[in-house]
Amino acid sequence: MMQQLSKRKKGVTFGSVKVSKDIKYADKQPIEVDEITLLAHKGIIHNAEGLTVKELFTKEHKELAAVGEKWMKDTANSGMIVTTLIATVELAAAFTVLEGNNNAGIPIFLYKTSFLIFVVSIVLALFSSIASLLMLLSITTAWYAEEDFLRALPKRLILGLRSLFYAIASMLVVFGAILSIVVNDQLNLWIRHLSILSEGFAKIPSL
Numbered sequence: 001m002m003q004q005l006s007k008r009k010k011g012v013t014f015g016s017v018k019v020s021k022d023i024k025y026a027d028k029q030p031i032e033v034d035e036i037t038l039l040a041h042k043g044i045i046h047n048a049e050g051l052t053v054k055e056l057f058t059k060e061h062k063e064l065a066a067v068g069e070k071w072m073k074d075t076a077n078s079g080m081i082v083t084t085l086i087a088t089v090e091l092a093a094a095f096t097v098l099e100g101n102n103n104a105g106i107p108i109f110l111y112k113t114s115f116l117i118f119v120v121s122i123v124l125a126l127f128s129s130i131a132s133l134l135m136l137l138s139i140t141t142a143w144y145a146e147e148d149f150l151r152a153l154p155k156r157l158i159l160g161l162r163s164l165f166y167a168i169a170s171m172l173v174v175f176g177a178i179l180s181i182v183v184n185d186q187l188n189l190w191i192r193h194l195s196i197l198s199e200g201f202a203k204i205p206s207l
């Protein structure tokens, strides 16, 4: 069975994925082989070195597990840098009212659709980045046992990267909302200026 596991190493790129695939493969083997292999899988039968199947599996995949752990931590650390930057920017923007308030303390653009989109998107970006940060942080503090490579670590990585994607998408929407508010404001200002100039030229008597 270990020879079959070794043959399957060629087609896998990342160590963590390889360990996960081999654990799934090893778990399915007792259903597909004879009673001797079933007893060996349960630790009742030992090999010539006195190792059970699980102990031999751990020994054969020790180096691969270290590679997978390093890849997982590097990926999580890279994602945490991005999520921290997004969370910092969005947290600062959340407490900064766009273009200030009026005398009553109400945001100037409160009743504009663009401002509503800005507020909703910035909240989504903030919560998504925090969720991503927590998921990726849990990867760096994991025990990295064999069972973790099977379910816990891949699930945390997927959730962390998915939340990071939502945070980036929400941040782009925030940028679009701000741009819409600024452009519309400037456009209205230019229209007013052109109207004043047109009225001024209209009042000039023709020569």
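Here UniProt numbering is used: the first residue of the sequence shown is 1, the next is one more, and so on. Note that beta-carbon positions come from the ideal geometry of N, C-alpha and C, so glycine has one too. None of the values given here were measured: they were computed from a predicted structure.
- With fewer than 16 other beta carbons inside 10 angstroms of its own, Glu63 counts as exposed.
- Nearest in C-alpha terms to Gly160, of all of Trp143, Ser138, Val173, is Ser138.
- Judged by their CB atoms, Ala87 and Leu134 are not nearer to each other than the 8 Å cut-off.
- A contact between stretches requires three or more CB pairs, one per stretch, nearer than 8 Å, and the region 169 to 187 fails this requirement with the region 139 to 157.
- For Ala65, the uninterrupted alpha helix (DSSP H) segment begins and ends at 62 to 94.
- Separation of the CB atoms of Ile122 and Ala93 is rounded to 6 Å, and the pair is thereby assigned contact status at 8 Å.
- With fewer than 16 other Cβ atoms inside 10 Å of its own Cβ, Ile158 counts as exposed.
- Annotation note: the region 128 to 170 contains no uninterrupted beta strand (DSSP E) run of length 3 or greater.
- Contact between Ala152 and Ser128 is absent: CB atoms are separated by about 21 Å, not below the 8 Å threshold.
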